[in-house]
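Enquirer: Chains as they are written, first to last, in our numbering: chain B, 9 to 322; chain P, 9 to 322. Idealized CB from N, CA, C, for every residue including glycine.
Laid out in structure tokens, this is it:
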């Protein structure tokens, strides 16, 4: 893979995505080659045109002769299962381009599993040599937040139709957004949404600038991604944000914080597996589990007894 | 609370929801009073009219002189943050009824935290004596699945507009649904959606009946919840499902499996907290964390070193 073999990259991604044996070795060996890619996240509610925007951004980056890795993540359960398939179709224009590598990732069973797997796939693409890695997620839920926090720059895409709920989601959006895009900006309500976002952004900026690692007032841009309108401006703003991060020394700090969080998740996952295995080997603890399952013992008391026994051996 | 004091119930729920000290004691003391409530889950995509349906079902149960506990859970991040507020407004008709207790719950920070907290709130309502506990969730994501799995009977609500994505979500929906409701059934496409669901349900039933704990072909019902059309039929079907569960001995088995899963989640959470505390107290392990944060060591190697040190004391 490090020699530029796309097929090898695809195979490694599959290994990592399915958490197959050897993941630790793979990630260890790519570690020295990490940190060159800029990771751009695109999120927003369903129907905001995220895939189209990612497609147009990819086309612009290709016009600059950059190669691009794209990860379309769909962490959703039954109710939005169609997104992955749709992404693949929408990105068709680039599937024959050897300098664009597109990968869809869907729900993993385990807690934190998808965010961790996405982080590893980002690293594989980074190590492969893509200067840009684009992550798209259907923007709902904790898992998506964990995914989007792995981006260096995050574009939150809204549409005029999402206007009525912006009020409620504003606080959370301000935390994740580095750039706001109002897509489908030819529709009714686009101007009002932009004005509202600009007002909120400015208030938020004034109140939080001293607490931030960079001096950055979130720009609010209009776009019509399907017609390639406003896409050049978005890319320029992404690059602007990247420079601002670098100049403030914030890019390194953010990546450090991210690696710390990633270590914590992996550690907890690994421990959880070992604890459950230890419990299931011990007949006395199996009896505790059965009592909880049978409803004669509450879960908190069960946990207490299990911990008392497992930790007795100090 | 056990004497029927609603204010005491509300205070206990707040304690449990915020994971304040004393949760274990509270849950221990209500344990002997559990298992009488039937837990009815209502889920589906945003905009399917779940809150209205819950409101109408509550009215019907009240007409039968049953008291009702309602939990509106919104596990979503920034993008759907408006649901909780909306629920409160929609349920206003019942807020003055002393035999209806409505509680909204929103995102918790910790992994698995919201599902666990919801489970505990269900128990408090059960112990308080509500024969019916209704849970409504915005149906997207892993957390919602963990929440809805705590219901004895689950109603999946769809609308004709969700038709185009039913294809993709079908497999997952069949796993959670005990009853399908096509709401807003006066709209275009309702008949087609019902026909499609019935066909899928029947195929699924034929292929999986031997593996199921009850012999139940998921009914597909039409409704217009805003006009109270079809709601009586839904409630009748819920009761029918409950009887089927009881007669097959499946209700007890499902609850056992649920308590087992709940214990596992609590145990893993508790261990995670202790492991992280142990790591942060140990300067050598703090050095490992710093190496991972600094990018000189990969996360998998970091986990390996931490485990080797923590587990050396056997």
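#1: In whole angstroms, what is the alpha-carbon distance linking residue 103 of chain B and residue 67 of chain B?
#2: Count the other CB atoms within 10 Å of the CB of residue 199 of chain P; is the residue buried (16 or more) or exposed (fewer)?
#3: Which of the residues in the region 270 to 289 of chain B, read from start to end, lie with their CB under 7 Å from any CB of chain P?
#4: Name the chain B residues whose beta carbon is nearer than 7 Å to that of residue 306 of chain P?
#5: How would you list, in chain order, the residues of chain B whose beta-carbon sits under 7 Å from the beta-carbon of residue 301 of chain P?
#6: Provide the residue span of the beta strand (DSSP E) that contains residue 49 of chain P, from first to last.
#7: Within 8 Å of any Cβ in chain B, is that where the Cβ of residue 43 of chain P sits?
#8: Residue 138 of chain P lies in the beta strand (DSSP E); which residues open and close that run?
#9: Starting from residue 256 of chain P, trace the beta strand (DSSP E) in both directions and tell me its first and last residue.
#10: Is the shortest distance between the beta-carbon of residue 25 of chain B and the beta-carbons of chain P less than 8 Å?
#11: Give a yes or no on whether the minimum CB-CB distance between residue 315 of chain B and chain A is below 8 Å.
#12: Tell me which residues share the same chain as residue 217 of chain P and place their Cβ nearer than 7 Å to its Cβ, disregarding the 5 neighbours each side in the sequence.
#13: For chain B, check one thing: does any of its Cβ atoms lie closer than 8 Å to the Cβ of residue 216 of chain P?
#14: Taking residue 166 of chain P as part of the beta strand (DSSP E), name the residues at either end of that continuous run.
#15: To the nearest angstrom, how far is the alpha carbon of residue 122 of chain P from that of residue 23 of chain B?
#16: Can you list the residues of chain P that residue 310 of chain B reaches, using a CB-CB cut of under 7 Å?
#17: Would you mind stating whether residue 128 of chain B and residue 276 of chain B have Cβ atoms separated by less than 8 Å?
#18: Of all Cβ atoms in chain P, is any one closer than 8 Å to the Cβ of residue 80 of chain B?
#19: Can you say whether residue 17 of chain B is buried or exposed, counting buried as having 16 or more other CB atoms within 10 angstroms of its CB?
#20: Could you check how far apart the C-beta atoms of residue 108 of chain B and residue 62 of chain B are, in whole angstroms? I think they sit under 8 Å.
#21: Pick from P/233, P/27 and P/45: whose alpha carbon is nearest that of residue 58 of chain P?
#22: Do residue 156 of chain B and residue 246 of chain B have their beta-carbon atoms positioned less than 8 Å apart in this structure?
#23: Any beta carbon of chain P sitting closer than 8 Å to that of residue 222 of chain B?
#24: Under DSSP, the beta strand (DSSP E) around residue 110 of chain P begins and ends at which residues?
#25: Name the residue from P/72, P/226 and P/154 whose alpha carbon lies nearest to the alpha carbon of residue 164 of chain P.
#26: Would you mind stating whether residue 142 of chain B and residue 20 of chain B have Cβ atoms separated by less than 8 Å?
#27: Inspect the beta-carbon positions of residue 134 of chain B and residue 219 of chain B and report whether they are closer than 8 Å.
#28: Assuming the contact rule is C-beta atoms closer than 8 Å, residue 81 of chain P and residue 144 of chain P should be a hit. Round their C-beta distance to whole Å, please.
#29: From B/315, B/126 and B/237, pick the residue whose C-alpha is nearest to that of residue 112 of chain B; which is it?
#30: Determine the closest residue to residue 42 of chain B out of P/307, P/319 and P/318, with distance taken between C-alpha atoms.
#31: State the beta-bridge partners of residue 186 of chain B as determined by DSSP.
#32: Give a yes or no on whether the minimum CB-CB distance between residue 157 of chain P and chain B is below 8 Å.
#33: In three-state DSSP terms, what is residue 298 of chain B?
#34: What are the complete beta strand (DSSP E) segments, minimum 3 residues, inside the region 203 to 281 of chain B?
#35: What is the rounded straight-line gap between the Cα of residue 202 of chain B and the Cα of residue 231 of chain B?
#36: Hey, residue 192 of chain P and residue 221 of chain P are a contact pair by Cβ (cut 8 Å); roughly how many whole angstroms apart?
Expert: Per the coordinate set shown:
#1: Rounded to whole angstroms, the separation of the alpha carbons of residue 67 of chain B and residue 103 of chain B is 12 Å.
#2: Around the CB of residue 199 of chain P, fewer than 16 other CB atoms lie within 10 Å, so the residue is classed as exposed.
#3: Against chain P - using a Cβ distance shorter than 7 Å - the residues of the region 270 to 289 of chain B are 270, 271, 272, 274, 275, 276, 278, 279, 280, 283 and 284.
#4: The contacting residues are 35, 36 and 39.
#5: Those are 264, 267 and 268, listed as they occur along chain B.
#6: Note, residue 49 of chain P: beta strand (DSSP E), 46 to 51.
#7: Taking Cβ atoms only, chain B reaches closer than 8 Å to residue 43 of chain P, which makes this a yes.
#8: Per DSSP, residue 138 of chain P is not a residue of any beta strand (DSSP E), being assigned neither H nor E.
#9: For residue 256 of chain P, there is no enclosing beta strand (DSSP E), as DSSP marks it with neither H nor E.
#10: So no, residue 25 of chain B is outside the interface.
#11: Reference to chain A is not applicable here, since the protein chains of this structure are B and P.
#12: Excluding residues within five positions, the ones whose Cβ falls inside 7 Å are 223.
#13: No, residue 216 of chain P lies away from the interface with chain B (no Cβ there is under 8 Å from its Cβ).
#14: Segment 161 to 166, the beta strand (DSSP E) holding residue 166 of chain P.
#15: Going by the C-alpha atoms only, they are around 31 Å apart.
#16: For residue 310 of chain B, the residues of chain P that pass the 7 Å Cβ criterion are 271, in the order they occur in the chain.
#17: Cβ distance not < 8 Å, so residue 128 of chain B and residue 276 of chain B don't count as in contact.
#18: Closer than 8 Å: no.
#19: Burial is judged here by how many other beta carbons sit within 10 angstroms of a residue's own beta carbon; residue 17 of chain B has at least 16 and is buried.
#20: Not a contact, Cβ separation roughly 11 Å.
#21: In terms of Cα proximity to residue 58 of chain P, the closest of P/233, P/27 and P/45 is P/233.
#22: One thing to note: residue 246 of chain B has its Cβ no nearer than 8 Å to the Cβ of residue 156 of chain B.
#23: No, residue 222 of chain B does not count as interfacial toward chain P.
#24: For residue 110 of chain P, the enclosing beta strand (DSSP E) covers residues 108 to 114.
#25: Looking from the CA of residue 164 of chain P, the closest CA among P/72, P/226 and P/154 belongs to P/226.
#26: No, Cβ-Cβ distance for residue 142 of chain B and residue 20 of chain B is not below 8 Å.
#27: No, the Cβ-Cβ distance between residue 134 of chain B and residue 219 of chain B is not below 8 Å.
#28: The Cβ separation is near 7 Å, so the contact holds.
#29: Considering only alpha carbons, the answer is B/126.
#30: Taking the Cα of residue 42 of chain B as reference, the smallest distance to any Cα among P/307, P/319 and P/318 is reached at P/307.
#31: Partner(s): none; residue 186 of chain B has no beta bridge.
#32: Output row for residue 157 of chain P: interface = no.
#33: In the displayed model, residue 298 of chain B falls within a helix according to three-state DSSP.
#34: If only complete runs of 3 or more residues are kept, the region 203 to 281 of chain B shows the beta strand (DSSP E) at 228 to 230, in order along the chain.
#35: Going by the C-alpha atoms only, they are around 11 Å apart.
#36: The pair is not a contact, with the Cβ atoms about 32 Å apart (cut-off 8 Å).
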